[in-house]
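In the working numbering, each residue carries its 1-based index in the sequence shown increased by 1. Using N, Cα and C, we set each Cβ at its ideal position, and we do this for glycine too. A quick note: this is a predicted structure, and the numbers were derived from the prediction, not measured.
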Amino acid sequence: MVGMDRPLPFVLLSTPSGLPRSEVTFPQLAKDHGYRTALLGKWHLGLNCAWAGDHCHHPSKFGFDYFYGLPLSNGPDCDPDAKETVGQFVAREMYRRLRLVEISTSIFVIILALKYFKYIQWKTVVLLSVLIWTLAAFPLIIQIGGVRLNCVMMRDDDVIEMPFNISTITPRMTLEAIRFLEESKTGNKPFLLEVSYWNVHTALLPYKEFRGKSRHGLYGDSVEEMDWSIGVVMATLQRLGLTDNTFVYFTSDNGGHIETGEHGGSNGIYKGGKGQGGSEGGIRMPTLVQWPRKIKPGTVVSEATSQMDIFPTVADILQAPLPLDRVIDGRNILPLLGGAKQPSPHDFLFHYCGEYLHAVRYRPRDGNVTWKAHFVSYKWDPGTTGCYALRICRCAGQEVTRNDPPLLYDVTNDPVEDRPISTNSDPRYPVVIDAIQRAVEDHVGSLTKVEKQLRMSNFIPRPWLQECCNFPFCDCQENVDLSSLQIGG
2 MVGMDRPLPF
12 VLLSTPSGLP
22 RSEVTFPQLA
32 KDHGYRTALL
42 GKWHLGLNCA
52 WAGDHCHHPS
62 KFGFDYFYGL
72 PLSNGPDCDP
82 DAKETVGQFV
92 AREMYRRLRL
102 VEISTSIFVI
112 ILALKYFKYI
122 QWKTVVLLSV
132 LIWTLAAFPL
142 IIQIGGVRLN
152 CVMMRDDDVI
162 EMPFNISTIT
172 PRMTLEAIRF
182 LEESKTGNKP
192 FLLEVSYWNV
202 HTALLPYKEF
212 RGKSRHGLYG
222 DSVEEMDWSI
232 GVVMATLQRL
242 GLTDNTFVYF
252 TSDNGGHIET
262 GEHGGSNGIY
272 KGGKGQGGSE
282 GGIRMPTLVQ
292 WPRKIKPGTV
302 VSEATSQMDI
312 FPTVADILQA
322 PLPLDRVIDG
332 RNILPLLGGA
342 KQPSPHDFLF
352 HYCGEYLHAV
362 RYRPRDGNVT
372 WKAHFVSYKW
382 DPGTTGCYAL
392 RICRCAGQEV
402 TRNDPPLLYD
412 VTNDPVEDRP
422 ISTNSDPRYP
432 VVIDAIQRAV
442 EDHVGSLTKV
452 EKQLRMSNFI
462 PRPWLQECCN
472 FPFCDCQENV
482 DLSSLQIGG
């Protein structure tokens with residue numbers, strides 16, 4: 002349906018992709034050490050494998066005691082005013098590339114031929130025909146009703162709203178966070194709470210109290226809404242006397258999606274954006290951390306870290322041993338956060354676009370310079386650092402340029418990557434590139450082949466995986482009283 006040269010997400014609730022059960026997560030570590038754990042918000046790591054309700058990829062299978070949120074994402078399908086939804090895109094691509102009608106017709110003819118030659122019975126003909134034409138029609142159903150099929154809200158294993166009212170989601174998450182923290186305090190039990198906001202993400206429909214509040218349209222309004230919610234959560238920690246002994250980590254998963262215009266945000270001076278695994282605008286995210294017991298206020302860390310570091314850092318806080326049966330790419334960053342004047346714990350960070358290695362960041366132990374080598378560059382639209390015609394840059398194929406020799410930048414002193422190090426006249430180039438090339442060889446040699454969760458066949462929707470409440474209408478709403486919240490205050 003879509004080529005593997007594109008950054009691929011999990012886009013339909015009725016597909017079997019998801020986080021493999023063999024993975025060990027930091028909430029699982031916390032749960033094993035007696036913590037109450039909860040996930041509020043976006044999961045987007047799969048749900049079902051064989052049938053609707055098996056929940057093989059559900060958050061509860063990965064260490065979360067409680068889940069309140071969205072098993073997919075807040076995409077264009079959830080915007081009633083969207084000009085094109087994910088469902089429409091998927092349906093169009095499936096019909097265009099897989100030619101489902103022609104394939105289904107051919108299979109139907111084969112079934113009739115088998116009946117004619119008496120290899121199968123009429124009952125089998127009917128059952129197989131229903132199955133084949135259901136598969137062929139399902140993309141059309143998605144195109145027509147994507148908002149109903151993909152915009153699903155869950156509490157634990159139950160679908161509680163379908164389609165959800167997106168404008169109320171952030172206040173409802175905030176209310177759930179307050180309740181969870183109050184219950185943890187009352188029960189005098191340690192907790193791990195992940196609040197996974199889907200602000201800011203299309204669709205942009207903030208609560209009514211935030212509409213028009215910013216100077217940057219719906220995007221800015223959504224940022225204001227998230228800022229308010231974070232403030233309420235932090236104030237709740239303070240009110241309950243939990244601030245001093247609570248480790249708080251706030252960051253984003255990627256840069257702004259610049260191809261969507263004003264609704265995609267801005268990446269400032271950095272080039273590129275969401276989906277571009279090697280571009281600073283796609284991967285360089287600010288992070289805020291608070292833990293008064295261990296981290297001095299005003300501490301600034303300029304060394305590169307990674308969200309992979311959350312796992313070993315949480316393990317250190319829990320005093321839990323790391324798994325020994327796998328390579329752990331993350332590093333414990335508590336020493337850095339505590340103010341230790343030392344280099345990044347990562348000598349190298351490998352930046353991927355999909356399954357393709359695009360760039361490598363190198364922080365030598367000596368000196369104070371961080372280097373970045375680009376093995377692949379994007380063919381941006383002229384005058385931009387985005388791929389507007391494609392909506393998001395491809396990772397391979399004709400839309401990228403393979404750099405031989407690699408482009409090398411000093412991203413400490415040239416963060417906008419405007420001044421590549423000369424391959425001929427700068428003596429640092431061969432030294433740095435040689436170190437990076439050897440690191441890449443070691444890295445590639447350490448990789449283990451695993452099943453691709455986002456392979457082409459996993460983008461074909463399976464009707465039997467579709468979650469639904471109030472069958473066959475797939476329509477239900479949760480009644481929530483938000484009057485206890487001072488929304489917007």
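Integer-rounded CB distance, given that residue j should sit under 8 Å from residue i
i: Y198; j: E263; result: In fact, because the Cβ distance is near 20 Å, the residues do not count as touching under 8 Å.
i: G269; j: G283; result: Not really, about 13 Å apart at Cβ, beyond 8 Å.
i: E225; j: F248; result: At roughly 26 Å, the Cβ-Cβ gap does not stay under 8 Å, so E225 and F248 are not in contact.
i: F63; j: D157; result: That pair is no contact at about 14 Å.
i: A360; j: G265; result: Not really, about 22 Å apart at Cβ, beyond 8 Å.
i: G42; j: S18; result: Contact doesn't hold; Cβ gap of about 19 Å is too wide.
i: I167; j: A204; result: 6 Å
i: L507; j: S378; result: The chain is shown only over 2 to 490; residue 507 falls outside these bounds and no answer can be derived.
N-terminal and C-terminal residue of the beta strand (DSSP E) that residue i is part of
i: I161; result: 159-162
i: E195; result: 192-197
i: C354; result: 349-354
i: F65; result: Segment: none, F65 is in no beta strand (DSSP E) and carries neither H nor E.
Spatial neighbours of residue i in its chain, beta-carbon cut-off 6 Å, leaving aside the 5 residues before and after
i: L466; result: S15, N49, A53
i: A397; result: D6, Y357
i: S345; result: E304, A305, R364
i: C470; result: V160, M163, C477
i: I461; result: none
i: Y96; result: Low local confidence applies: a pLDDT of 49 at Y96 is under 50, so the model's placement there is unreliable, with the coordinate-based value given in what follows. Here the set comprises nothing.
i: D330; result: M309
i: G256; result: N268, G274, K275, G282, G283
i: P406; result: T424
i: G4; result: With a pLDDT of 46 at G4, under the threshold of 50, the modelled position of that residue is not reliable, and no figure is offered here.
i: P207; result: D222, S223, E226
i: V481; result: R173
i: T252; result: M286, T288
Chain-order list of residues whose beta-carbon lies under 7 Å from that of residue i (same chain, five-residue window excluded)
i: L193; result: P28, A31, Y36, T38
i: S423; result: Y430
i: V302; result: L337, L338
i: R332; result: D310, P313, P346, H347
i: N459; result: T16, P17, S18
i: P8; result: G276, C354, G355, I393, C396
i: V328; result: S447
Simplified DSSP assignment, three categories, for residue i
i: H444; result: helix
i: N333; result: coil
i: T385; result: coil
i: G489; result: coil
i: G398; result: helix
i: K380; result: coil
i: R362; result: strand
i: L391; result: coil
i: Y96; result: Below a pLDDT of 50, predicted positions are generally treated as unreliable, and Y96, at 49, falls in that range; no measurement from the model is reported.
i: L71; result: strand
Closer than 7 Å: residue i CB and nearest the ligand SAM heavy atom
i: E162; result: Ligands displayed in this structure: none; no statement on the ligand SAM is therefore possible.
N- and C-terminal bounds of the alpha helix (DSSP H) containing residue i
i: M155; result: Here M155 belongs to no alpha helix (DSSP H); instead the beta strand (DSSP E) covers 154-156.
i: L176; result: 170-187
Same chain only: Cβ atoms within 8 Å of residue i, ignoring 5 sequence neighbours per side
i: G153; result: The question names Gly, yet the displayed sequence has Val at residue 153. Excluding sequence neighbours, V153 sits near L14, L71, P72, L73, V160, E162, M163, P164, F165, E468.
i: D55; result: N49
i: K190; result: G35, Y36, R37
i: P322; result: A316
i: Y271; result: G256, S280, E281, G282, R285, P416, V417
Run through the stretch 200-281 for me and flag every whole beta strand (DSSP E) of 3 or more residues, listed as ranges in chain order.
-> Entirely contained in the stretch 200-281, the beta strand (DSSP E) runs reaching 3 residues are, in chain order, 249-251.
Which full runs of the beta strand (DSSP E) of 3+ residues lie inside the stretch 3-60, going along the chain?
-> DSSP runs (the beta strand (DSSP E)) wholly in the stretch 3-60: 37-43.
Which whole runs of the alpha helix (DSSP H) in the stretch 403-487 are 4 residues long or more, in chain order?
-> Inside the stretch 403-487, DSSP marks whole alpha helix (DSSP H) runs of 4 or more residues at positions 429-447, from first to last along the chain.
Return the chain-ordered ranges of every alpha helix (DSSP H) run that is complete within the stretch 280-344 and spans a minimum of 4 residues.
-> The stretch 280-344 contains these whole alpha helix (DSSP H) runs: 281-284, 311-319, 335-338.
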